[in-house]
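Residue numbers (our numbering), protein chains in the order written: chain S, 1 to 248; chain Y, 1001 to 1248. Even glycine gets a Cβ: it sits at the ideal position worked out from N, Cα and C.
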DNA sequence: AATCGTGATCTGTGATCTCAATTTGCGGTA
DNA sequence: TACCGCAAATTGAGATCACAGATCACGATT
């Protein structure tokens, strides 16, 4: 009947706060163990505490943030074991994504992947870690999006979100990250080749290799970064249970 | 310094609401497409709308609930394609969990698995689908817990949560579910055998088989259940943007 | 009789306030 | 100097209120 005038997207404040925090985690602006308070953020962002609270709780649900026993929020600190687990999960999940992506990827997207990898190489040679990380993220996600599995993509997003505070800060701790980063681009070339040949299992293997490599790169930095973590309080807090859910 | 007196677990109302809704989803008390309102639930549970709101938002973040363009909440309805994707992801993720579980599982846990599977068999022969589903869930999760990968377990929990409304209601739509359910116990036996022999890849294969089988069981019910879904409104809503997050 | 406008009601979002519990810092005591 | 204790400031949780948009029903108009 009427023409399609497009959607008026309603961005709630809560979502804006969430996205902003998310980006801060991705880019490593928030360090593991760093604590966040509702009122502070609300004041910084110019809103009431309410939307901030809900954004924080959502990030807690996604395990990007942690709520200590005293209920204060902090960026989830990882142990080396947790980091290893995370990488294992990534290998399985992103392996599946790569596998499925190869079956559906278009030549245009492959071209785009090659382009992104060139950007990444440039960043490596010019020694701009930020650009490298950005390109790396773009490479992986454009690949995974080709799988057309939104639920899987969502899981992967969650995994990257948790790894973010480490990935972005790790390069600061290395004296010469270039050879490591360069190796990353080689894995990417292997992935591109698998896309061209249409060999899903080879792509999955290459992704797993890439993740494994980056894990070796970052793992030892986990504890280094975490040692900046404040001790994190001890005693629990006896929540307030004014009303009691009564019936079903 | 002081003795460890254990933790006084502070269960917030929000968490109580969350857990109750979660259980309702798992057991299929909430149907796909069914809509929920904050105030209704708050009145039913005898609390203020606030904790309910936060519990609902958390479930939305986990994709167990969906927020329509008009911002009302409903149990996420699946298309057949989404269901297929979910099963594919489950095969990969739970396959990994089974694989790792075999490497760490103890004889006691294996005995427990066998016990649970007997319960499940009993439920099948006596025709008590609820008992079967409960035992099935217990079987899978005691297996996965042996992997000692909490992050992976959390992902699996999310996947099951989304499948819950279907799994529990599917049997109602079948005239004779017994042979299908019986086949499930056979896969479980295969899994137990893999645990005993200590063959991780065989366990992963068996889990994948189990999931694949149950997918075949439930897939066609997806649309049957969803057709009870109300049409779900059309026009978007122009949120209210009173305050604007200003600076970083 | 079908359609459109108008009002009441419902729904989620955000702001504000209160409360309980933790945390912090200062002062006094041993 | 080290330790203990109490009070002020801070923090998250929950309740209540205000508001904008959506939904629905009823009635007037064509």
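* Measure the alpha-carbon distance for residue 1139 (chain Y) versus residue 89 (chain S) and round it to whole angstroms. => Working through the second chain from its first residue, we reach residue 1139 (chain Y) at position 139. Working through the first chain from its first residue, we reach residue 89 (chain S) at position 89. Rounded to the nearest angstrom, the two C-alpha atoms are 21 Å apart.
* Asked: How many Å lie between residue 959 (chain Y) and residue 98 (chain S) at the Cα?
  -> With chain Y running from 1001 to 1248 in the structure shown, residue 959 (chain Y) is simply not present.
* Alpha-carbon to alpha-carbon, residue 127 (chain S) and residue 1217 (chain Y) -> Counting from one through the second chain, the residue named residue 1217 (chain Y) turns up at place 217. Counting from one through the first chain, the residue named residue 127 (chain S) turns up at place 127. Distance between the alpha carbons of residue 1217 (chain Y) and residue 127 (chain S) is about 54 Å.
* Asked: What span of residues does the alpha helix (DSSP H) with residue 31 (chain S) cover, start to end?
  -> For the purposes of this step, residue 31 (chain S) is taken as residue 31 along the first chain, with counting starting at 1. Segment: none, residue 31 (chain S) is in no alpha helix (DSSP H) and carries neither H nor E.
* Which of helix, strand or coil does DSSP assign to residue 1235 (chain Y)? -> Along the second chain, one-based indexing puts residue 1235 (chain Y) at 235. Model confidence at residue 1235 (chain Y) stands at a pLDDT of 37, short of 50, so the residue's coordinates are unreliable; what they give is reported in the following sentence. In this structure, residue 1235 (chain Y) counts as coil in the three-state DSSP scheme.
* So which residues on chain S does residue 1171 (chain Y) lean against when the C-beta distance must stay under 8 Å? -> Counting from 1 along the second chain, the entry for residue 1171 (chain Y) is found at position 171. None at all; the shortest Cβ gap to chain S is about 22 Å.
* Integer-rounded CB distance, given that residue 1185 (chain Y) should sit under 8 Å from residue 1121 (chain Y) -> As a working mapping, residue 1121 (chain Y) is identified with position 121 in the second chain. As a working mapping, residue 1185 (chain Y) is identified with position 185 in the second chain. Yes, they are in contact, since the Cβ atoms of residue 1121 (chain Y) and residue 1185 (chain Y) sit about 5 Å apart, within 8 Å.
* So with Cβ pairs under 8 Å, would you call residue 1102 (chain Y) a contact of chain S? -> The sequence position of residue 1102 (chain Y) within the second chain is 102, counting from 1. The beta carbon of residue 1102 (chain Y) does not come within 8 Å of any beta carbon belonging to chain S, so the residue lies off that interface.
* To do: Give every residue of the same chain whose Cβ lies closer than 8 Å to the Cβ of residue 112 (chain S), excluding the five residues on either side of it in the sequence, and list them in chain order.
  => As a working note, residue 112 (chain S) is residue 112 in the first chain. Taken in chain order, the residues that qualify are 142.
* To do: Measuring alpha carbon to alpha carbon, tell me which of S:192, S:215, S:214 ends up nearest residue 204 (chain S).
  => Indexing the first chain from 1 puts residue 204 (chain S) at position 204. Comparing C-alpha distances from residue 204 (chain S) to each of S:192, S:215, S:214 shows the shortest one belongs to S:192.
* Pick helix, strand or coil for residue 201 (chain S), following the three-state DSSP scheme. => Numbered from 1 along the first chain, position 201 holds the residue referred to as residue 201 (chain S). Residue 201 (chain S) falls in the helix class under three-state DSSP.
* To do: Could you tell me the boundaries of the alpha helix (DSSP H) in which residue 1045 (chain Y) lies?
  => In the second chain, counting from the first residue as 1, residue 1045 (chain Y) sits at position 45. Per DSSP, residue 1045 (chain Y) belongs to the alpha helix (DSSP H) from 1038 to 1045.
* **Residue interval of the beta strand (DSSP E) (run including residue 75 (chain S))** => Counting from one through the first chain, the residue named residue 75 (chain S) turns up at place 75. Note, residue 75 (chain S): beta strand (DSSP E), 73 to 75.
* Asked: Is it a yes or a no for the segment 71 to 79 of chain S touching the segment 29 to 38 of chain S, going by three-plus beta-carbon pairs under 8 Å?
  -> yes
* What are the complete alpha helix (DSSP H) segments, minimum 4 residues, inside the segment 1093 to 1140 of chain Y? -> Listed in chain order, they are 1107 to 1126.
* Asked: Should residue 155 (chain S) be flagged as near chain Y, meaning a C-beta pair shorter than 8 Å?
  -> Within the first chain, residue 155 (chain S) is the residue found at index 155, counting from 1. Yes, because at least one Cβ of chain Y sits closer than 8 Å to the Cβ of residue 155 (chain S).
* Between the segment 43 to 58 of chain S and the segment 153 to 162 of chain S, do at least 3 Cβ pairs fall closer than 8 Å? -> no
* Quick one: is residue 1140 (chain Y) near chain S, going by C-beta distance under 8 Å? -> Residue mapping note: residue 1140 (chain Y) aligns to position 140 of the second chain, counting from 1. Chain S contact via Cβ: absent.
* Residues of chain S with CB under 8 Å from residue 1092 (chain Y), in chain order? -> If you number the second chain from 1, residue 1092 (chain Y) lands on position 92. Simply 92, 93, 95, 96.
* Asked: Helix, strand or coil: how does DSSP classify residue 1079 (chain Y) here?
  -> Along the second chain, read from residue 1 onward, the residue named residue 1079 (chain Y) stands at position 79. Residue 1079 (chain Y): coil per DSSP, three-state reduction.
* Asked: Within this structure, are the beta carbons of residue 1064 (chain Y) and residue 1025 (chain Y) separated by less than 8 Å?
  -> Counting from one through the second chain, the residue named residue 1064 (chain Y) turns up at place 64. Counting from one through the second chain, the residue named residue 1025 (chain Y) turns up at place 25. Contact: yes.
* Taking Cβ positions only, does residue 1089 (chain Y) come closer than 8 Å to chain S? -> Taking the first residue of the second chain as 1, we reach residue 1089 (chain Y) at position 89. Chain S contact via Cβ: present.
* Select from S:196, S:188, S:167, S:151 the residue whose C-alpha is nearest the C-alpha of residue 1081 (chain Y). => Here residue 1081 (chain Y) refers to the residue found at position 81 of the second chain. The option with the nearest alpha carbon to residue 1081 (chain Y) is S:151.
* Asked: Quick one: does residue 202 (chain S) have its CB under 8 Å from some CB of chain Y?
  -> Counted from its first residue, the first chain places residue 202 (chain S) at position 202. It does not: the Cβ of residue 202 (chain S) has no partner Cβ on chain Y nearer than 8 Å.
* To do: Anything in chain Y within Cβ reach of residue 61 (chain S), meaning under 7 Å, just list it in chain order.
  => As a first step, residue 61 (chain S) must be located in the first chain, where it is residue number 61. Result: 1058, 1061, 1062.
* Three-state secondary structure assigned by DSSP to residue 65 (chain S) -> Sequence index remark: in the first chain, residue 65 (chain S) carries index 65 (1-based). If DSSP states are grouped into helix, strand and coil, residue 65 (chain S) belongs with the strands.
* In the DSSP assignment, find the alpha helix (DSSP H) that holds residue 23 (chain S) and state where it starts and stops. => Locating residue 23 (chain S) in the first chain gives position 23, where the first residue counts as 1. Residues 13 to 26.
* Could you confirm whether any beta carbon from chain Y is found closer than 8 Å to the beta carbon of residue 120 (chain S)? => Numbered from its first residue, the first chain carries residue 120 (chain S) at position 120. Cβ-Cβ to chain Y under 8 Å: no for residue 120 (chain S).
* residue 123 (chain S) beta carbon less than 8 Å from that of residue 28 (chain S) -> In the first chain, residue 28 (chain S) corresponds to position 28, counting from 1. In the first chain, residue 123 (chain S) corresponds to position 123, counting from 1. Cβ atoms of residue 28 (chain S) and residue 123 (chain S): not closer than 8 Å.
* May I ask you to report which of helix, strand or coil DSSP gives residue 149 (chain S)? => The residue you call residue 149 (chain S) lines up with position 149 of the first chain. Coil, per DSSP.
* Does residue 1086 (chain Y) come within less than 8 Å of chain S when only Cβ atoms are used? -> Mapped onto the second chain, residue 1086 (chain Y) falls at position 86. Yes, its Cβ sits closer than 8 Å to a Cβ of chain S.
* **Nearest to residue 1195 (chain Y) (by Cα), restricted to the options Y:1181, Y:1118, Y:1102, Y:1149** => For the purposes of this step, residue 1195 (chain Y) is taken as residue 195 along the second chain, with counting starting at 1. Of the candidates Y:1181, Y:1118, Y:1102, Y:1149, the one whose C-alpha sits nearest the C-alpha of residue 1195 (chain Y) is Y:1102.
* To do: With 8 Å as the threshold, decide whether the Cβ of residue 1145 (chain Y) is near any Cβ in chain S.
  => Counted from its first residue, the second chain places residue 1145 (chain Y) at position 145. No, because no Cβ of chain S sits closer than 8 Å to the Cβ of residue 1145 (chain Y).
* Asked: Exposed or buried, what is residue 95 (chain S) when buried is set at 16 or more other beta-carbons lying within 10 Å of its beta-carbon?
  -> Residue 95 (chain S) sits at position 95 when you count from the first residue of the first chain. Classification of residue 95 (chain S): buried, given that the 10 Å Cβ count is 16 or more.
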